[in-house]
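For the record, the sequence lines run as chains A and B. Under my numbering, think of the first position of the first sequence as 108, with each following residue one higher. Under my numbering, think of the first position of the second sequence as 108, with each following residue one higher. Where a beta carbon is used, it is the ideal one built from N, C-alpha and C, also for glycine. Before any comments, here is the structure.
2 protein chains.
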Amino acid sequence: MVLTERTLLGPGPSNPYPEATAGLAAPLLGHLDPEFIKILERTCEGLRALWGTANPVTLPLSGTGSIGMEAAFANTVRPGDVAVIAVNGLFGVRMCEVASRYGAEVVRVDHTWGEPVDVERVMAAHPAPAVVAAVHAETSTGVRSDIAALGAAVRARWDDTLLLADCVTSLGGIEVAIDAWGVDVAYSGTQKCLGVAPGLAPFTFSERAWRRRVEAPPVWYLDLGLLGAYVRGGPGGRTYHHTAPVAMIASLDAALRRIEEEGMDAVAERHRAAGLRLQEGLQEMGLELFTAEGHRLPQLTSVRVPEGVDSAKVRHELLADYGIEIGAGVGEYASSVWRIGLMGHNARLDRAELVLTALRRVLGR
Amino acid sequence: MVLTERTLLGPGPSNPYPEATAGLAAPLLGHLDPEFIKILERTCEGLRALWGTANPVTLPLSGTGSIGMEAAFANTVRPGDVAVIAVNGLFGVRMCEVASRYGAEVVRVDHTWGEPVDVERVMAAHPAPAVVAAVHAETSTGVRSDIAALGAAVRARWDDTLLLADCVTSLGGIEVAIDAWGVDVAYSGTQKCLGVAPGLAPFTFSERAWRRRVEAPPVWYLDLGLLGAYVRGGPGGRTYHHTAPVAMIASLDAALRRIEEEGMDAVAERHRAAGLRLQEGLQEMGLELFTAEGHRLPQLTSVRVPEGVDSAKVRHELLADYGIEIGAGVGEYASSVWRIGLMGHNARLDRAELVLTALRRVLGR
Numbered sequence: 108m109v110l111t112e113r114t115l116l117g118p119g120p121s122n123p124y125p126e127a128t129a130g131l132a133a134p135l136l137g138h139l140d141p142e143f144i145k146i147l148e149r150t151c152e153g154l155r156a157l158w159g160t161a162n163p164v165t166l167p168l169s170g171t172g173s174i175g176m177e178a179a180f181a182n183t184v185r186p187g188d189v190a191v192i193a194v195n196g197l198f199g200v201r202m203c204e205v206a207s208r209y210g211a212e213v214v215r216v217d218h219t220w221g222e223p224v225d226v227e228r229v230m231a232a233h234p235a236p237a238v239v240a241a242v243h244a245e246t247s248t249g250v251r252s253d254i255a256a257l258g259a260a261v262r263a264r265w266d267d268t269l270l271l272a273d274c275v276t277s278l279g280g281i282e283v284a285i286d287a288w289g290v291d292v293a294y295s296g297t298q299k300c301l302g303v304a305p306g307l308a309p310f311t312f313s314e315r316a317w318r319r320r321v322e323a324p325p326v327w328y329l330d331l332g333l334l335g336a337y338v339r340g341g342p343g344g345r346t347y348h349h350t351a352p353v354a355m356i357a358s359l360d361a362a363l364r365r366i367e368e369e370g371m372d373a374v375a376e377r378h379r380a381a382g383l384r385l386q387e388g389l390q391e392m393g394l395e396l397f398t399a400e401g402h403r404l405p406q407l408t409s410v411r412v413p414e415g416v417d418s419a420k421v422r423h424e425l426l427a428d429y430g431i432e433i434g435a436g437v438g439e440y441a442s443s444v445w446r447i448g449l450m451g452h453n454a455r456l457d458r459a460e461l462v463l464t465a466l467r468r469v470l471g472r
Numbered sequence: 108m109v110l111t112e113r114t115l116l117g118p119g120p121s122n123p124y125p126e127a128t129a130g131l132a133a134p135l136l137g138h139l140d141p142e143f144i145k146i147l148e149r150t151c152e153g154l155r156a157l158w159g160t161a162n163p164v165t166l167p168l169s170g171t172g173s174i175g176m177e178a179a180f181a182n183t184v185r186p187g188d189v190a191v192i193a194v195n196g197l198f199g200v201r202m203c204e205v206a207s208r209y210g211a212e213v214v215r216v217d218h219t220w221g222e223p224v225d226v227e228r229v230m231a232a233h234p235a236p237a238v239v240a241a242v243h244a245e246t247s248t249g250v251r252s253d254i255a256a257l258g259a260a261v262r263a264r265w266d267d268t269l270l271l272a273d274c275v276t277s278l279g280g281i282e283v284a285i286d287a288w289g290v291d292v293a294y295s296g297t298q299k300c301l302g303v304a305p306g307l308a309p310f311t312f313s314e315r316a317w318r319r320r321v322e323a324p325p326v327w328y329l330d331l332g333l334l335g336a337y338v339r340g341g342p343g344g345r346t347y348h349h350t351a352p353v354a355m356i357a358s359l360d361a362a363l364r365r366i367e368e369e370g371m372d373a374v375a376e377r378h379r380a381a382g383l384r385l386q387e388g389l390q391e392m393g394l395e396l397f398t399a400e401g402h403r404l405p406q407l408t409s410v411r412v413p414e415g416v417d418s419a420k421v422r423h424e425l426l427a428d429y430g431i432e433i434g435a436g437v438g439e440y441a442s443s444v445w446r447i448g449l450m451g452h453n454a455r456l457d458r459a460e461l462v463l464t465a466l467r468r469v470l471g472r
């Protein structure tokens, strides 16, 4: 049997940290084993540190990143609630869809894709929304929005409005500071900057959100009231809810300890330096970056496909000849943009130079 | 760092097949990589073979076993629909809870725990239900119900009624024959007889269920209309829905190929022989089995805790001194029953003898 090995430089999954792979293959423990409970608690603690939060309800949800979005809306939105949602890419669009499923009256604030969220426009969209939601790092375009500024505005104006932030592509790559920013609900995915395989959605939920939470939401699997009894324990001890994905959690634990040992500042600097070199190199090659200057994520870069070049053919050649995966664009930009990720274990200068060299060869530049 | 290794003889997770662990740690592929799509298709094909179905909508859902139950009801139940649910253990109780969340009018048919489902009582519960649901292998008690008989009765009487079967603890351990039995919707978990870590819910959905499915169910993550476009493809090719848990799917693929190579008949015989020896051995030790004779699952055995014995202390000693995990009972039987699983890779005579010996030592019998 021949195993295929790839350098995963698309919008995720990225190649896991070696520590994460070792954690995945470690001897399996039961989900109620005292040794596993220690791992789970350490994982929740590690996530709190990365999120920058003291929220007791901070845990890895048992599904891929999208389940974090589902849990965020399922546990906060009641039919008829107004949800103001900033849309500047695919994941903003998806937030509108998911919020609607739970009966929200969605007030959608559309932006040009590739531009950051405009805080003033979001704040002006409705006088008293139940929920305001935005994407921190848009995976569809590689733009960073200023959640700190949005949080400051929301907290200055409303006491009860909850702020939801999609951090799928930011956590573990750039600074996230949930409590300092005034964010109530945030979720991420393991397969981007956290450097773990896809399968878990790190999640955090503030005390304000807990007080306003939906009792018995439609989706039993993501009912935080029930999940909390397993993760936090209660008067009767830990209550079994569903079998935790123990191997994935052990893998996330290993990655979090690695990030802690390297230091989140050093990890962020690694992402910054690699992304900067990639973006410089692409421009040196004569390519045009898609995302607004000053708002580009280092971990995910969108670049325009040059006129006359077959986007899919280039991606295919990179994969077939160099074993490098990069991503296509999304929606109307599907064939006019490439997305190149340098996330987690791949946030390194060698990976930046590798993809630049391979792209130069394939494009003949 | 010291890794803890356990022999997992509780109600799941079980120790994975070595092939499954190797699959988990193999180089990670992107979820749209042609090589991964081959693995996904092979996995769906392998699941069809094990389920005994030709259903095109057969796939591993991205969550643990419970997400299968959630998807089953989310995609079939509309508010006001009558759901007749056979309850003979915890997972029947949970089905009632989940169905209610989606607005079902639940007609609950209660049985004594440890007894199999009574087909006549279920059929007499309502003249024309939208859904009839039962658990094939009750994880809370270790009883097997005759889904073939229930399916024959449902199919003989109703054209449109959907039959849902919980196969979390049966698939990969005993015979399952979805199409022959007339089952419309079934789900399982990877961490029991399939011999894979927890994290995926194998799922199958008949053409009859597809015609009657709920369009845009409350839970976006489990919307089969959207999931189908990724797994089956469509006129526009495969549509991205959410990032598949690629490492877990590669692991399931490896386990399915191992089961195929050993042969499902041989795997079932291995479960039968190991379970029979365990049940004999427990009785030789003077212990009393909990579940009705003639309806005992080989892969999961419930045994009564002898009078005067501290159930938790025994489980603790088995874990601390022998590294063996067995399960407590559930609900009112929490401290009066133990559950011992011999599932997947653990369905072996050596594991049966090991747990018998260790239990004999700890009990001083």
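Residue-chain proximity (residue i, chain B), Cβ-Cβ < 8 angstroms
{"i": "residue 355 of chain A", "result": "yes"}
{"i": "residue 122 of chain A", "result": "yes"}
{"i": "residue 432 of chain A", "result": "yes"}
{"i": "residue 205 of chain A", "result": "yes"}
{"i": "residue 452 of chain A", "result": "no"}
{"i": "residue 140 of chain A", "result": "yes"}
{"i": "residue 363 of chain A", "result": "no"}
{"i": "residue 177 of chain A", "result": "yes"}
{"i": "residue 335 of chain A", "result": "no"}
{"i": "residue 174 of chain A", "result": "yes"}
{"i": "residue 393 of chain A", "result": "no"}
{"i": "residue 323 of chain A", "result": "yes"}
{"i": "residue 301 of chain A", "result": "no"}
{"i": "residue 171 of chain A", "result": "yes"}
Contacting residues, own chain, Cβ-Cβ under 6 angstroms from residue i (five flanking each side not counted)
{"i": "residue 142 of chain A", "result": "136"}
{"i": "residue 218 of chain B", "result": "195"}
{"i": "residue 466 of chain A", "result": "none"}
{"i": "residue 179 of chain B", "result": "271, 292 and 294"}
{"i": "residue 174 of chain A", "result": "168 and 308"}
{"i": "residue 363 of chain B", "result": "153"}
Cross-strand partners of residue i (DSSP beta bridge)
{"i": "residue 467 of chain A", "result": "According to DSSP, which records beta bridges pairwise, residue 467 of chain A is partnered with nothing at all."}
{"i": "residue 407 of chain A", "result": "A:448"}
{"i": "residue 434 of chain A", "result": "A:446"}
{"i": "residue 251 of chain A", "result": "A:244"}
{"i": "residue 396 of chain A", "result": "A:410"}
{"i": "residue 111 of chain B", "result": "In the DSSP output, where bridge partners are listed per residue, residue 111 of chain B has none listed."}
{"i": "residue 272 of chain A", "result": "A:241 and A:293"}
Where the alpha helix (DSSP H) through residue i begins and ends
{"i": "residue 212 of chain B", "result": "First-last for residue 212 of chain B: 212-217, but that is the beta strand (DSSP E), not the alpha helix (DSSP H)."}
{"i": "residue 366 of chain B", "result": "353-369"}
{"i": "residue 426 of chain B", "result": "418-429"}
For residue i, the first and last residue of its enclosing beta strand (DSSP E)
{"i": "residue 448 of chain A", "result": "444-448"}
{"i": "residue 278 of chain A", "result": "Looking at the DSSP string, residue 278 of chain A is not in any beta strand (DSSP E), and its letter there is neither H nor E."}
is_contact[residue i, chain A] using C-beta, thresh 8 angstroms
{"i": "residue 132 of chain B", "result": "yes"}
{"i": "residue 298 of chain B", "result": "yes"}
{"i": "residue 349 of chain B", "result": "yes"}
{"i": "residue 328 of chain B", "result": "yes"}
{"i": "residue 119 of chain B", "result": "yes"}
{"i": "residue 112 of chain B", "result": "yes"}
{"i": "residue 256 of chain B", "result": "no"}
{"i": "residue 304 of chain B", "result": "yes"}
{"i": "residue 186 of chain B", "result": "no"}
{"i": "residue 244 of chain B", "result": "no"}
{"i": "residue 458 of chain B", "result": "no"}
{"i": "residue 413 of chain B", "result": "no"}
Close beta carbons around residue i, own chain, < 8 angstroms, minus the five adjacent residues each side
{"i": "residue 155 of chain A", "result": "161, 162, 165 and 311"}
{"i": "residue 233 of chain B", "result": "189, 191 and 214"}
Own chain partners of residue i with C-beta closer than 7 angstroms, once the 5 adjacent residues on each side are dropped
{"i": "residue 346 of chain B", "result": "336 and 337"}
{"i": "residue 398 of chain A", "result": "221, 248, 249, 250 and 409"}
Next on the checklist: Going residue by residue through the stretch 285-345 of chain A, where are the continuous alpha helix (DSSP H) segments of at least 4 residues, counting only ones entirely within it?
Outcome noted: 285-288, 314-318 and 331-338
Checklist entry - Which full runs of the beta strand (DSSP E) of 3+ residues lie inside the stretch 144-228 of chain B, going along the chain? => result Taken in chain order, the complete beta strand (DSSP E) segments of 3 residues or longer contained in the stretch 144-228 of chain B are 164-168, 189-194 and 212-217.
Item to check | Sequence ranges, alpha helix (DSSP H) only - wholly within the stretch 118-147 of chain A, length at least 4 | outcome: 125-132
Next on the checklist: Give me the subset of the stretch 200-224 of chain A whose CB atoms are less than 7 angstroms from a CB atom of chain E, sorted by chain position.
Outcome noted: You won't find chain E in this structure, because its protein chains are A and B.
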